[in-house]
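Student: Numbering (the numbering used here), first residue to last: 9 to 254. Ideal Cβ placement from N, Cα and C applies to all residues, glycine included. A quick note: this is a predicted structure, and the numbers were derived from the prediction, not measured.
1. Among the candidates 148, 184 and 132, whose CA atom is the shortest distance from the CA of residue 215?
2. Residue range of the beta strand (DSSP E) that residue 111 falls in?
3. What does DSSP give as the partner residues of residue 142 in its beta bridges?
4. When DSSP labels each residue in this structure, what does residue 180 get in the three-state scheme?
5. For residue 142, I'd like the list of residues in its chain whose CB is within less than 7 Å of its CB, leaving aside the five on either flank, ordered along the chain.
6. If you draw a straight line from the C-alpha of residue 102 to the C-alpha of residue 230, how long is it?
7. Between residue 125 and residue 159, which are expected to be in contact by the criterion C-beta below 8 Å, what is the C-beta distance as a whole number of angstroms?
8. Determine whether the beta carbon atoms of residue 121 and residue 135 lie at a separation below 9 Å.
9. Whose CA, out of 210, 189 and 237, lies closest to the CA of residue 220?
10. Report the residue from 150, 217, 164 and 238 whose alpha carbon sits nearest the alpha carbon of residue 324.
11. Of the residues 123, 117, 151 and 116, which one's Cα is nearest the Cα of residue 131?
12. Give the straight-line distance between the Cα atoms of residue 204 and residue 239, rounded to the nearest whole angstrom.
13. Which residues in the same chain have their Cβ closer than 6 Å to the Cβ of residue 233, if we skip the five residues on either side of it in sequence?
14. Can you give me the C-alpha to C-alpha distance between residue 237 and residue 129, rounded to a whole angstrom?
15. Taking the C-alpha atoms as reference points, what is the distance between residue 212 and residue 194?
16. Measure the CB-CB distance between residue 107 and residue 177 and report whether it falls below 9 Å.
Given below as structure tokens:
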């Protein structure tokens, strides 16, 4: 493409023009601020006629997991969970974004430990124990599910510092969906829920701690991760890879 541009410039009798890096950066920042091509991404965004749902969680390479600090909200979203048939869409073709939901919490009435030091509920948005601030979102009936989790009020002998669990993100590994839990950090809101893709085939949804220092999310038997089963659909959860949102 660069070669073609040089040929075109030569035909016009002009030297190719270079855009200063500062100008390019400014254009990129402006694009983020106002939205590029009329498709700005927001945490509560929806899409219509093409019948797609978008990932809210931000792709994150494994080596980046140790980076601190990170932005609270993703500035990008990607369409790795495209619907295959428009006929499956609800009227208007709009479903909730995959990823973190800060308008969801887990009711104190259902905070028995399902994983080590962690109460967990998995299912559709109207599952008992899920408490929404405002209307519950619309999710795809066979391709999306909702998780709510909390460490508050859950007995945890290894949590001497009274730390609080917070959802960090999910990843798709093979046919499984893995939810990562971290220790809530000062000055940042605690996230207790997310919308997840349904695992493929015989895949399951698991919870695991972010690292060895996190007391939440192991199996009750001490396994490295806590198995939650699957909502039961046989649909592709999207492309493999890490999908952390903070």
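Tutor: Let me spell this out:
1. Residue numbering aside, residue 215 sits at position 207 when the chain shown is read from its first letter. Answer by Cα proximity: 184.
2. On the chain shown, position 103 is the one that residue 111 refers to. In the DSSP annotation of this structure, residue 111 is not part of any beta strand (DSSP E), being labelled neither H nor E.
3. If you number the chain shown from 1, residue 142 lands on position 134. None, per the DSSP bridge assignment.
4. Here residue 180 refers to the residue found at position 172 of the chain shown. Here residue 180 sits in strand by DSSP.
5. Taking the first residue of the chain shown as position 1, residue 142 is located at position 134. Closer than 7 Å at the Cβ level, and outside the excluded window around residue 142, lie 111.
6. For the purposes of this step, residue 102 is identified with residue 94 of the chain shown, where counting begins at 1. For the purposes of this step, residue 230 is identified with residue 222 of the chain shown, where counting begins at 1. Taking the straight line from one Cα to the other gives about 40 Å.
7. By one-based count along the chain shown, residue 125 stands at place 117. By one-based count along the chain shown, residue 159 stands at place 151. So it is a contact: roughly 6 Å between Cβ atoms.
8. Against the chain shown, residue 121 aligns to sequence position 113. Against the chain shown, residue 135 aligns to sequence position 127. Cβ atoms of residue 121 and residue 135: not closer than 9 Å.
9. By 1-based counting over the chain shown, the position of residue 220 is 212. The residue with the shortest Cα to Cα distance from residue 220 is 189.
10. Absent from the model: residue 324. The displayed extent of the chain is 9 to 254, so no value can be given.
11. Residue mapping note: residue 131 aligns to position 123 of the chain shown, counting from 1. The candidate whose alpha carbon is nearest that of residue 131 is 151.
12. Your numbering for residue 204 matches position 196 in the chain shown. Your numbering for residue 239 matches position 231 in the chain shown. If I take the Cα positions, the gap works out to 11 Å.
13. Here residue 233 refers to the residue found at position 225 when the chain shown is read from its first residue. Excluding sequence neighbours, residue 233 sits near 214 and 216.
14. Numbered from its first residue, the chain shown carries residue 237 at position 229. Numbered from its first residue, the chain shown carries residue 129 at position 121. Answer to the nearest angstrom: the Cα atoms are 11 Å apart.
15. Here the question's residue 212 lines up with position 204 in the chain shown. Here the question's residue 194 lines up with position 186 in the chain shown. Between the alpha carbons of residue 212 and residue 194 lies a distance of about 32 Å.
16. By 1-based counting over the chain shown, the position of residue 107 is 99. By 1-based counting over the chain shown, the position of residue 177 is 169. It is a contact, given that the beta carbons lie within the stated cut-off.
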